[in-house]
Ligand code: SF4
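Residue numbers (our numbering): 399 to 754.
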């Protein structure tokens, strides 16, 4: 099935009366935006943007997702965007929200969402209040007041899509497509409506997958450039499981809260261990160790944009724990380019050779 591109998706959702909300990475209430007739489209860079003008607003050690997105929002290509949501994923994104709100003249309103780092009842209450405050702002912006039933209907649809997303990610070995096609399909959920995403993922061919060489866990924030999958396959390995912020770290659990804001808050706090919510080290590494065992992965490649602070806090302990358990480990920092640098290709090639 052909995957609609972003431009086609914008035209299709606009024709149905939706506004376009650009959303920065990466935990956010899709269903709430949809209930207010705002279609979320995630912005992970984009990689093809020249970051130079975006860089002047931030310290040099800010990651390129922030530099590039700031630049992107100033380009003509961003004219289709009606509002911007910036979750407080990390200090860099918090800084970006301040710069866009206070220093740049943006035509779109900037909404923020602060995530609690703890998992106590008070954290749940806090997030519920944050979501209610966001709902109020969306109400003022759109002049739409969806009832609880309407928000719950959007939540149910997103949960159906998220369950399919989770099942597909956890059963990589039954899909007869390349790693790149597999992840391109799943990442289309970053901009497609849930019903279209369900249809698209449902069309992935199943059977006995032709996966060569050792299986890897690909960890990190976002696999850009996507050609990293081609190189891993070409060098004789495959990605059997991921710990990517844009993919497996966004598997949320369904719950039975009947109030939509409480429901969304509980759901958004149910993601797997994640660097950006400061999951305790032991919990994160025990979880990742169990995923390695479950899938038979032989090594870990951590692939990150440069200067990603939340990921860097964990990296040395991550390497130590994985090596203690007998796994190979490679940490690569990348510039969020459209092509993978030759030097990084060589490092991945050597890593796979040592594993086989
Ligand atoms: S790459 Fe890291 S530092 Fe940059 S926005 Fe994402 S989480 Fe924040």
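Glycine residues also receive a C-beta, built at the ideal position from the N, C-alpha and C atoms.
Checklist entry - Which residues mark the beginning and the end of the alpha helix (DSSP H) in which residue 550 is found? => result From DSSP, the alpha helix (DSSP H) with residue 550 extends over 546 to 568.
Next on the checklist: With a threshold of 8 Å between beta carbons, is residue 587 in contact with chain B?
Outcome noted: Chain labels in this structure do not include chain B; a single protein chain is all it has.
Item to check | Boundaries of the alpha helix (DSSP H) in which residue 735 is found, first to last residue | outcome: Segment: none, residue 735 is in no alpha helix (DSSP H) and carries neither H nor E.
Checklist entry - Does the beta-carbon of residue 546 have 16 or more other beta-carbons within 10 angstroms, so that it is buried, or is it exposed? => result With fewer than 16 other Cβ atoms within 10 Å, it is exposed.
Next on the checklist: Closest to residue 600 by C-alpha separation, out of 608, 611, 446 and 586, would be which residue?
Outcome noted: Taking only the C-alpha atoms, the option nearest residue 600 is 586.
Item to check | Those residues which DSSP pairs with residue 701 across a bridge | outcome: Looking at the DSSP assignment, residue 701 forms a beta bridge with 618 and 730.
Item to check | Closest Cα partner of residue 504 within the set 576, 523, 420 and 525 | outcome: Nearest Cα to residue 504 within the set 576, 523, 420 and 525: 420.
Checklist entry - Should residue 413 go down as buried or exposed, given a rule of 16 or more other Cβ atoms within 10 Å for buried? => result Exposed, by the Cβ-count rule.
Item to check | Reference residue 693, options 649, 461, 636 and 714, closest by Cα | outcome: Closest in alpha carbon position to residue 693, among 649, 461, 636 and 714, is 636.
Item to check | Option nearest residue 516 by Cα separation, candidates 643, 721 and 672 | outcome: Among 643, 721 and 672, the Cα nearest to that of residue 516 is on 672.
Checklist entry - Under a three-way DSSP split, which group does residue 424 fall into? => result Note: residue 424 maps to coil in three-state DSSP.
Checklist entry - With respect to 7 Å, is the separation between the Cβ of residue 713 and the closest non-hydrogen atom of the ligand SF4 below this value? => result False, no ligand heavy atom lies under 7 Å from that Cβ.
Checklist entry - Tell me which same chain residues have a C-beta within less than 6 Å of the C-beta of residue 764, skipping the five on either side of it? => result The structure shown does not extend to residue 764, since the chain spans only 399 to 754, so no value can be given for it.
Item to check | Helix, strand or coil at residue 509 [DSSP, three-state] | outcome: If DSSP states are grouped into helix, strand and coil, residue 509 belongs with the strands.
Next on the checklist: Can you tell me whether residue 422 is buried or exposed? The criterion is at least 16 other CB atoms within 10 Å of its CB, across all chains shown.
Outcome noted: The residue in question, residue 422, is buried, as its Cβ has 16 or more Cβ neighbours within 10 Å.
Checklist entry - Any chance the CB of residue 447 is under 7 Å from a heavy atom of the ligand SF4? => result Taking non-hydrogen atoms of the ligand SF4 into account, the C-beta of residue 447 is found less than 7 Å away from none of them.
Checklist entry - By a C-beta neighbour count over all protein chains shown, 10 Å radius and 16 as the cutoff for buried, is residue 450 buried or exposed? => result It counts as exposed.
Next on the checklist: Strictly by DSSP, which residues pair up with residue 440?
Outcome noted: Residue 440 pairs with 421.
Checklist entry - Under 8 Å between the Cβ atoms of residue 697 and residue 614? => result Remark: C-beta atoms of residue 697 and residue 614 approach each other more closely than 8 Å.
Item to check | Touch test, the segment 547 to 561 against the segment 427 to 444, Cβ-Cβ under 8 Å, three pairs minimum | outcome: Yes, since at least three Cβ pairs between the segment 547 to 561 and the segment 427 to 444 fall closer than 8 Å, the two stretches touch.
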